[in-house]
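Below is one structure, written out as structure tokens, with a few remarks after it.
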Amino acid sequence: MIDLKNVERSYKTGHTETWVLRRINLTIKEGEFVTIMGPSGAGKSSLLNVLALLDDSWTGEYWFGSTPVHSLNRKQRADLARQRIGMVFQSYHLLDDLTVAENIDLPLSYKNLPSKDRGGMVADILDRFQIVAKKDLFPNQLSGGQQQLVGIARAVVHAPSLLLADEPTGNLHSTQAREIMDLFVELNKAGTTIVQVTHSEENARYSKRIIELRDGWMTRDEAPQPLPSEVGAQ
Amino acid sequence: MLYLRTARPPELIEPTIRQTMRQLDSTLVVDDLRTMEAQIDHSTSDERALAFLAVGFASLALVLAAVGLYGVLAYSTEQRTREIGVRLALGSPRSVIVLLVVREMALIAGIAAALALPAVVGLARLFQSQLFGVTTFDPLTLFAAVVLTILMLSIAAALPARRAAAVEPMQALRTE
Numbered sequence: 000m001i002d003l004k005n006v007e008r009s010y011k012t013g014h015t016e017t018w019v020l021r022r023i024n025l026t027i028k029e030g031e032f033v034t035i036m037g038p039s040g041a042g043k044s045s046l047l048n049v050l051a052l053l054d055d056s057w058t059g060e061y062w063f064g065s066t067p068v069h070s071l072n073r074k075q076r077a078d079l080a081r082q083r084i085g086m087v088f089q090s091y092h093l094l095d096d097l098t099v100a101e102n103i104d105l106p107l108s109y110k111n112l113p114s115k116d117r118g119g120m121v122a123d124i125l126d127r128f129q130i131v132a133k134k135d136l137f138p139n140q141l142s143g144g145q146q147q148l149v150g151i152a153r154a155v156v157h158a159p160s161l162l163l164a165d166e167p168t169g170n171l172h173s174t175q176a177r178e179i180m181d182l183f184v185e186l187n188k189a190g191t192t193i194v195q196v197t198h199s200e201e202n203a204r205y206s207k208r209i210i211e212l213r214d215g216w217m218t219r220d221e222a223p224q225p226l227p228s229e230v231g232a233q
Numbered sequence: 000m001l002y003l004r005t006a007r008p009p010e011l012i013e014p015t016i017r018q019t020m021r022q023l024d025s026t027l028v029v030d031d032l033r034t035m036e037a038q039i040d041h042s043t044s045d046e047r048a049l050a051f052l053a054v055g056f057a058s059l060a061l062v063l064a065a066v067g068l069y070g071v072l073a074y075s076t077e078q079r080t081r082e083i084g085v086r087l088a089l090g091s092p093r094s095v096i097v098l099l100v101v102r103e104m105a106l107i108a109g110i111a112a113a114l115a116l117p118a119v120v121g122l123a124r125l126f127q128s129q130l131f132g133v134t135t136f137d138p139l140t141l142f143a144a145v146v147l148t149i150l151m152l153s154i155a156a157a158l159p160a161r162r163a164a165a166v167e168p169m170q171a172l173r174t175e
């Protein structure tokens, strides 16, 4: 589904060039659940921004299915992202002056869908995420976990084939975090390819593959290790 | 004061007038000879100065209003950077972001118009008695005022709208 070949990204400050991604070669198959880990400043979020098509200033090749993203212009990339990618943020990034239902409707409103269809899709997702009762509330009336639930609902309402999550549980209590990770597993089982960035080993174990970055280089790419307690149980 | 009518160009008969006056009474001084146009011009100079002053103040008010609107929109755009970043990250075309700013400008302009139009109607009655040859509801003047206002509003909104459309979602979402 995703193929990165020699992707590099750097920032120029004065005469100095700081590299945040170095020669990234990465293939993510459809239906995978991938975790990107690494210390702060390793380039995790930079890689996620490249995958999300939020960043244009990288070099190398990026294939999204059969689409050569590296050959697309800014508008074409935005169109591709709008159709195929959903994004979940650590700080939820819900719009404060919109209700839960309006926040979820936001990505649909940019897709030229009839408002009746949009209403139906929003109603379906509210029902699926069991937040129908919250639909008229504003984000500041919700707990952190509920806000992230709405953030995920907003990201998947248009049924993207790729869901990207940047520290989705970073601001949440561990119980809420587990609920969010269970939801990701459920979405992944339903066919959504997921790539998450996390610092948490526990959250990483929900995925099928862990990629580690250090100083912009990809240093590990393997299946998550089971906990010693899990090994003992087997 | 003496008024004379002539079919010839007025400046040509000035020596004749002086000569005739001298013949009537040599002690009479002929001073401040003017054509009728110059006389009318002289008598309305105060009103004209007042009109120039009013146009000057109106222009200044228009520029100040535009600068004020620019300030409000620029501040509001700055405050909405995160929202713009979120919208772009969720797939909003940049043209929709420009429309956000334009819509805000239209809202401000609408409120201003709702306050200004009744004031124009009310004040027009006060000025009716002081006008000659023009009405207080001159369609051309009102139309020109509306066009000028729209032009100034568009100029004031252009820069904030351009800034909003240039927001990079990656950076906007990082600034929190």
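Chains as they are written, first to last, in numbering that gives the first Met the number 0: chain A, 0 to 233; chain B, 0 to 175.
Note that CB positions come from ideal geometry on N, CA and C, so glycine has one too.
Since this is a predicted model, take the numbers as computed values, not measurements.
First and last residue of the uninterrupted alpha helix (DSSP H) at residue i
i	result
G59 of chain A	It is not in any alpha helix (DSSP H) - G59 of chain A instead sits in the beta strand (DSSP E) that spans W57 to F63.
T5 of chain B	Careful: T5 of chain B lies outside any alpha helix (DSSP H) and carries neither H nor E.
T218 of chain A	Note, T218 of chain A: premise wrong, no alpha helix (DSSP H); beta strand (DSSP E) at W216 to E221.
N102 of chain A	V99 to S108
Q175 of chain A	S173 to K188
Y104 of chain B	The question names Tyr, yet the displayed sequence has Met at residue 104 of chain B. Start and end: R93 to F126.
M20 of chain B	E13 to L23
I35 of chain A	Taken as a continuous stretch (DSSP letters only), I35 of chain A belongs to no alpha helix (DSSP H), being part of the beta strand (DSSP E) at F32 to M36.
E200 of chain A	E200 to A203
Residue i, buried or exposed, once every other Cβ within 10 Å from all chains shown has been counted against 16
i	result
I110 of chain B	exposed
R73 of chain A	exposed
D24 of chain B	exposed
S114 of chain A	exposed
G70 of chain B	exposed
A108 of chain B	buried
V119 of chain B	exposed
Between the CA atoms of residue j and residue i - distance to the nearest angstrom
i	j	result
V85 of chain B	F56 of chain B	43 Å
S65 of chain A	V145 of chain B	53 Å
L98 of chain B	R162 of chain B	12 Å
S128 of chain B	T134 of chain B	10 Å
S45 of chain A	V19 of chain A	7 Å
T15 of chain B	F51 of chain B	38 Å
L186 of chain A	Y74 of chain B	40 Å
P9 of chain B	A123 of chain B	40 Å
A48 of chain B	G132 of chain B	18 Å
Q35 of chain B	L150 of chain B	Here residue 35 of chain B is Met; the residue named in the question, Gln, does not match the sequence. Roughly 41 Å between the two C-alpha positions.
P159 of chain A	I124 of chain A	13 Å
T148 of chain B	T140 of chain B	12 Å
M20 of chain B	V28 of chain B	8 Å
R7 of chain B	Q38 of chain B	18 Å
P223 of chain A	Y205 of chain A	8 Å
G190 of chain A	K28 of chain A	11 Å
L80 of chain B	E167 of chain B	First, the amino acid is wrong: residue 80 of chain B is Thr here, not Leu. So the alpha carbons of these two residues sit roughly 9 Å apart.
G119 of chain A	V87 of chain A	22 Å
Beta-carbon spacing of residue i, residue j below 9 Å
i	j	result
H157 of chain A	Q75 of chain A	no
D95 of chain A	P138 of chain A	yes
A51 of chain A	I1 of chain A	no
R22 of chain A	W216 of chain A	yes
D214 of chain A	G42 of chain A	yes
A48 of chain A	M169 of chain B	Here the sequence assigns Asn to residue 48 of chain A, which means Ala is not the residue at that position. Yes; because the gap between Cβ atoms is below 9 Å, this pair is in contact.
W57 of chain A	K4 of chain A	no
A203 of chain A	T17 of chain A	no
F128 of chain A	A164 of chain A	no
P141 of chain A	K134 of chain A	The identity of residue 141 of chain A in the sequence shown is Leu, whereas the question assumes Pro. Not a contact, by the Cβ cut-off of 9 Å.
G144 of chain A	Q195 of chain A	no
Y109 of chain A	P138 of chain B	no
I130 of chain A	V149 of chain A	yes
Residue i beta carbon near the ligand ADP (any heavy atom closer than 8 Å)
i	result
E60 of chain A	The model depicted lacks the ligand ADP and carries no ligand whatsoever.
Limits of the beta strand (DSSP E) - the one that residue i falls within
i	result
S9 of chain A	I1 to T12
V19 of chain A	T15 to I27
L162 of chain A	L161 to D165
L27 of chain B	Unbroken run through L27 of chain B: none, as it is neither H nor E.
L212 of chain A	R208 to R213
G85 of chain A	I84 to V87
T192 of chain A	T192 to V196
Taking beta-carbon pairs under 9 Å, can you tell me which members of the region 76-96 of chain B lie near chain A? R81, E82, G84, V85, R86, L87, A88, L89, G90, S91, P92, R93 and V95
Chain A contacts from the region 103-118 of chain B (Cβ-Cβ distance under 9 Å): none
Determine which residues of the region 156-171 of chain B have a Cβ less than 9 Å from any Cβ of chain A, and write them out in chain order. E167, P168 and M169
Given a limit of 8 Å on CB to CB distance, which residues of the region 53-72 of chain A reach chain B? L53 and D54
Taking a Cβ distance cut-off of 9 Å, strictly less, list which residues of the region 108-139 of chain A are near chain B, in chain order. S108, Y109 and K110
For the region 10-31 of chain A, enumerate the residues whose C-beta is nearer than 7 Å to any C-beta of chain B, in chain order. none
Relative to chain B, which residues along the region 88-109 of chain A have a C-beta separation below 7 Å, given in chain order? F88, S90, H92, L94, L105, P106 and Y109
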